[in-house]
Amino acid sequence: MHNCFPIMATEVDVLIIGGGSAGLCAGVWLARNGISYRILERRPGMLTRGQADGVQVRSVEIFDSFGISEELLKEACHVLEDTFWSPVSDDDESVLGQGLDGVTAKKGIRRTHVTPDTEIGLSHLPHVILNQARINALLTDLAVRASGAANIEYGCDVRDVSVNSSLVDDPDAHCVTVNAVEGGIQKVYKAKYALGSDGAHSQVRKSLGFKMIGDSSDEVWGVMDVYPKTSFPDIRKKAIVKSESGTVLIIPREGDSLVRFYINLSGSTAAAKDVTLAQLHEKARQIFQPYTMEFPETTWWSAYVIGQRLANEFHAHYRVFLGGDACHTHSPKAGQGMNVSLQDGYNIGWKLAAVLRKQAFPKLLETYVLERQKTAADLIDFDRYWSKLFSASGGQESSITPELFVKAGRYTAGLAIQYGDSMITATATSQSSLASNLMVGMRFPSAQVVRVADAKPMWLTRALPADSRWHIVVFGGDIQDEDTAKRLHKLGLDLEDLIRTFTPPESDRDSVFNIILVLSSRRSNVELETIPYVFTLETGKWKLKNILKIFVDDENYSNTHGRAYEVYGIDPSQGVLVVIRPDQCMWIYKLTSLKGQVLTVSELDLAQMGPLNDVHGMKTFFSVFLKKSKS
Numbered sequence: 179m180h181n182c183f184p185i186m187a188t189e190v191d192v193l194i195i196g197g198g199s200a201g202l203c204a205g206v207w208l209a210r211n212g213i214s215y216r217i218l219e220r221r222p223g224m225l226t227r228g229q230a231d232g233v234q235v236r237s238v239e240i241f242d243s244f245g246i247s248e249e250l251l252k253e254a255c256h257v258l259e260d261t262f263w264s265p266v267s268d269d270d271e272s273v274l275g276q277g278l279d280g281v282t283a284k285k286g287i288r289r290t291h292v293t294p295d296t297e298i299g300l301s302h303l304p305h306v307i308l309n310q311a312r313i314n315a316l317l318t319d320l321a322v323r324a325s326g327a328a329n330i331e332y333g334c335d336v337r338d339v340s341v342n343s344s345l346v347d348d349p350d351a352h353c354v355t356v357n358a359v360e361g362g363i364q365k366v367y368k369a370k371y372a373l374g375s376d377g378a379h380s381q382v383r384k385s386l387g388f389k390m391i392g393d394s395s396d397e398v399w400g401v402m403d404v405y406p407k408t409s410f411p412d413i414r415k416k417a418i419v420k421s422e423s424g425t426v427l428i429i430p431r432e433g434d435s436l437v438r439f440y441i442n443l444s445g446s447t448a449a450a451k452d453v454t455l456a457q458l459h460e461k462a463r464q465i466f467q468p469y470t471m472e473f474p475e476t477t478w479w480s481a482y483v484i485g486q487r488l489a490n491e492f493h494a495h496y497r498v499f500l501g502g503d504a505c506h507t508h509s510p511k512a513g514q515g516m517n518v519s520l521q522d523g524y525n526i527g528w529k530l531a532a533v534l535r536k537q538a539f540p541k542l543l544e545t546y547v548l549e550r551q552k553t554a555a556d557l558i559d560f561d562r563y564w565s566k567l568f569s570a571s572g573g574q575e576s577s578i579t580p581e582l583f584v585k586a587g588r589y590t591a592g593l594a595i596q597y598g599d600s601m602i603t604a605t606a607t608s609q610s611s612l613a614s615n616l617m618v619g620m621r622f623p624s625a626q627v628v629r630v631a632d633a634k635p636m637w638l639t640r641a642l643p644a645d646s647r648w649h650i651v652v653f654g655g656d657i658q659d660e661d662t663a664k665r666l667h668k669l670g671l672d673l674e675d676l677i678r679t680f681t682p683p684e685s686d687r688d689s690v691f692n693i694i695l696v697l698s699s700r701r702s703n704v705e706l707e708t709i710p711y712v713f714t715l716e717t718g719k720w721k722l723k724n725i726l727k728i729f730v731d732d733e734n735y736s737n738t739h740g741r742a743y744e745v746y747g748i749d750p751s752q753g754v755l756v757v758i759r760p761d762q763c764m765w766i767y768k769l770t771s772l773k774g775q776v777l778t779v780s781e782l783d784l785a786q787m788g789p790l791n792d793v794h795g796m797k798t799f800f801s802v803f804l805k806k807s808k809s
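According to this note's numbering, the sequence shown holds residues 179 to 809 in order.
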C-alpha cells in the first residue's frame with residue numbers, strides 16, 4: 179500500500195550535502211554562529227580510513243584560527259625535510275645506493291638533494307600528515323562543542339536537488355528542496371541555502387545540470403599505505419624517488435612506521451581497475467633497488483588515472499553552491515585535494531552565517547563564486563603541470579627537480595592564493611607600499627608580538643580567531659611620541675564611529691569588529707590608561723574592560739624579538755591600519771596609514787589603500803556588503 183499522505187519536509191537554514199572537509203568546515207562556521215543546518219552524508223557512519231592525508235600549512239593555519247591546531251599537531255606526523263633520489267649515472271661508481279638493482283639489471287639510486295619541506299619563514303606552522311578520518315573527527319567535535327549536536331545524518335542518500343527560482347529574491351524563503359532516502363525511507367528537506375560538497379560524482383551537481391569539463395590522461399598511479407620493512411634510509415621523510423624502473427613519492431604517515439607510497443605505473447598495460455596489490459609491491463621493490471623493500475602489512479591501497487576537471491558552474495541562483503571535489507578534481511600529487519576543499523568550506527561558511535544573521539547583504543555570497551572558482555581553475559592548471567613533472571622519468575629535462583619543487587613550495591603550501599578585486603577585496607585602489615611585505619588579496623601572515631597586559635609572547639594571528647568578526651589591526655607606532663599619541667586618539671574616535679555604524683545596539687561593542695593595537699614602543703613604556711578607549715572596550719556579561727588586545731613589537735622574557743613591523747614591511751614612524759576578513763584567509767581590507775593614508779586588506783588578504791583621515795572610506799567599503807545598525 180502506498181502512503182497517500184505527503185511527506186513532511188524538514189526545514190533548516192542551510193543544507194550541506196556531503197560530510198567531507200568542505201562540508202564539515204562550513205558547518206563549523208554555522209555552528210559557531212547559531213545557524214540552523216544539517217549535513218547529509220551518504221556513508222553509513224563517520225569516516226574510519228581516509229584517502230587524503232596531507233595537511234598543508236594553510237590548512238594548519240585554519241585549524242589554528244579555529245583553536246584546534248594543538249590537537250592536530252600532537253597527533254600528526256610533521257614533514258620538515260624532503261629528499262630527492264635519482265638513478266646512478268654510469269660514471270658515478272662510489273655513491274650511496276649505487277649498484278645494479280638485481281631484478282632488472284638497471285643502475286640503482288642515489289640521494290641527490292635535501293631541502294626543507296616548507297620555505298623558512300613562510301609560516302609559523304608546519305606541514306603535517308594526518309589521515310582524513312581524524313581531520314573530519316576534529317571538525318565534527320568542534321561543531322558539536324559549538325552547537326551541542328553533530329547535525330549530521332549518516333546513510334542519507336540524496337537523490338535530487340532543486341531551486342524554486344520564483345522565490346530566490348526572498349532572503350527568508352526556503353527555496354531549495356532536497357529529496358533523499360535514508361534507511362529506505364523517503365525524506366524531504368527545505369533550506370534557504372545549500373552546499374553541494376558530495377564528491378567527484380556529486381548528485382547535487384548532476385541534479386542542477388552542471389557538467390565537469392576536462393580530461394583524463396593515460397597515466398595510471400597506484401597508492402598504498404604500508405608498514406615497510408626496508409633498508410632505504412629516508413623512509414621517514416617525504417621523498418621523491420626516481421629510478422630507471424619508475425617513480426615513487428613517499429609520504430610518512432602519523433605514528434612511527436606507517437608510510438604512503440604513490441607509484442607511477444606508466445608503461446604498464448593494465449588499466450587502473452586491473453591493477454593488483456602484488457603489482458604495486460613488485461614495482462616498489464624494483465624502484466628501490468638495491469635497497470631491500472618488503473611489506474609485512476598493507477592497510478589500504480588503490481589505483482587511479484590522473485584527471486583534471488572543473489565544474490562549468492559553481493552555483494544555482496546563489497542559493498546552491500558547489501564545493502570540494504564536486505566542482506574540482508585533480509591528482510593527489512601536490513596534496514591539494516582535501517586542503518583546497520577545506521578552504522572552500524572556510525570561505526563560504528562565514529559568508530552564509532553573516533547573511534543568515536542579517537549582518538550582511540546576500541550579495542556577499544557572490545564573492546564565494548568569484549574567489550573559489552578562480553582558485554579551482556588555477557589549481558587545475560597547476561596540477562596538469564605538476565603531474566607531468568612527476569610522471570616524467572628522472573633523466574628527462576621535464577622531470578621534477580629540487581629547484582622546481584622549491585619554486586612551487588608556496589603554492590603547494592596553500593599560501594600562493596591571491597583573490598582579485600571584489601566588494602571585499604579592494605585590490606585596484608590599494609597602495610601596498612605602506613606594508614611592503616603584505617600582498618593585497620593574500621592571506622595575512624603571522625609574526626610574534628608581546629601582549630602588554632601580561633607580557634605573554636604570542637603569534638599575532640592568535641589574536642584574530644575565526645569567530646565571524648572582522649579584524650582591524652592598527653600598527654600605531656610609538657605611543658611615546660606625542661604626535662603619534664594624538665593620531666591614535668583621533669583614530670580611536672573614528673573607529674568608535676565605525677563600530678556604532680555597523681554594530682547592533684543590543685550587541686557587545688566588539689561583536690562585529692575585533693580591534694587590535696600593535697605598538698612599536700618598549701613594553702615597559704606603555705601604560706594602559708593612556709590607550710584610547712576603542713582598544714579596551716567593556717564587553718561580556720559583566721561589561722569588563724578588555725585589556726588583552728594591546729601588543730608591542732618588543733623583546734620578550736625569552737630574549738626573542740618577533741620584529742613584526744619588519745616582517746610586514748611597515749615603517750613605525752608612519753603606521754598602518756590593516757582590516758582582515760573573518761576567515762583570516764589572506765585578505766587585507768584596509769591598511770590605514772596614521773599619516774593620512776589607508777591600505778585596505780580583506781580576509782587576512784590585502785585589499786585596498788586610500789586616504790586615512792577618512793575612516794569614512796572604511797565605512798563606505800563596509801556599507802557595500804554589511805548592513806548598518808538601526809540605532
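For each residue, glycine too, the CB sits at the ideal point set by N, CA and C. As the structure is a computational prediction, the values presented were derived from the model and not from experiment.
Unbroken beta strand (DSSP E) run spanning residue i, endpoints
| i | result |
| --- | --- |
| Y371 | I363 to G374 |
| I758 | V754 to I758 |
| G670 | No beta strand (DSSP E) holds G670; the alpha helix (DSSP H) holding it covers E660 to F680. |
| R210 | Where R210 is concerned, there is no enclosing beta strand (DSSP E), although the alpha helix (DSSP H) it sits in stretches over S199 to R210. |
| W479 | M471 to A489 |
| D731 | Neither: D731 is in no beta strand (DSSP E) and is coded neither H nor E. |
| L582 | That residue, L582, is in no beta strand (DSSP E); its alpha helix (DSSP H) goes P580 to K585. |
| F262 | E259 to P265 |
| E189 | A187 to I195 |
| Q762 | No beta strand (DSSP E) holds Q762; DSSP gives it neither H nor E. |
| Y332 | I330 to Y332 |
Local conformation of residue i per DSSP, three classes
| i | result |
| --- | --- |
| P222 | coil |
| R337 | strand |
| L443 | coil |
| D393 | strand |
| L804 | strand |
| F691 | strand |
| E158 | The requested residue 158 is not part of the displayed model; the chain covers only 179 to 809. |
| H794 | helix |
| Q229 | coil |
| A504 | helix |
| I634 | Looking at the sequence shown, residue 634 is not Ile but Lys. It is coil, neither helix nor strand. |
| K566 | helix |
| F713 | helix |
| Y546 | helix |
| Q551 | helix |
Distance between beta carbons of residue j and residue i, contact taken as under 8 Å
| i | j | result |
| --- | --- | --- |
| L557 | Y371 | That belief does not hold up - the Cβ atoms of L557 and Y371 are roughly 24 Å apart, past 8 Å. |
| F499 | H493 | 5 Å |
| L218 | C334 | 4 Å |
| W399 | Y482 | 6 Å |
| A230 | M390 | 19 Å between Cβ atoms; not a contact. |
| L642 | Q762 | 6 Å |
| K805 | Q537 | 6 Å |
| A200 | L593 | Their Cβ separation, rounded to whole angstroms, is 19 Å, which puts A200 and L593 out of contact at 8 Å. |
Contacts around residue i, its chain only, beta-carbon distance under 7 Å, and the 5 residues preceding and following it disregarded
| i | result |
| --- | --- |
| T296 | V235, P304, H305, G587 and A591 |
| S698 | G655, D656, D731, Y743 and P750 |
Contacts around residue i, its chain only, beta-carbon distance under 8 Å, and the 5 residues preceding and following it disregarded
| i | result |
| --- | --- |
| I185 | Q364, K365 and V366 |
| T226 | A311 |
| G747 | A613, S614, N615 and L616 |
| R221 | G197, Y332 and G333 |
| L308 | D231, V233, L250, E253, A254, C255 and E432 |
Element boundaries [alpha helix (DSSP H), containing residue i]
| i | result |
| --- | --- |
| L251 | S247 to E253 |
| T318 | Q310 to S325 |
| D522 | G515 to L534 |
| F466 | L455 to F466 |
| Q537 | Counting along the chain, Q537 falls outside any alpha helix (DSSP H), and DSSP gives it neither H nor E. |
| R383 | Q381 to S385 |
| A742 | A742 to Y746 |
Close-in-space but distant-in-sequence residues of the same chain around residue i (CB under 6 Å, 5 per side omitted)
| i | result |
| --- | --- |
| P430 | C255, R414 and V437 |
| S385 | D338 and V339 |
| D686 | T717 |
| P682 | S807 |
| A450 | V398, A481, Y482 and V483 |
| S301 | V235 |
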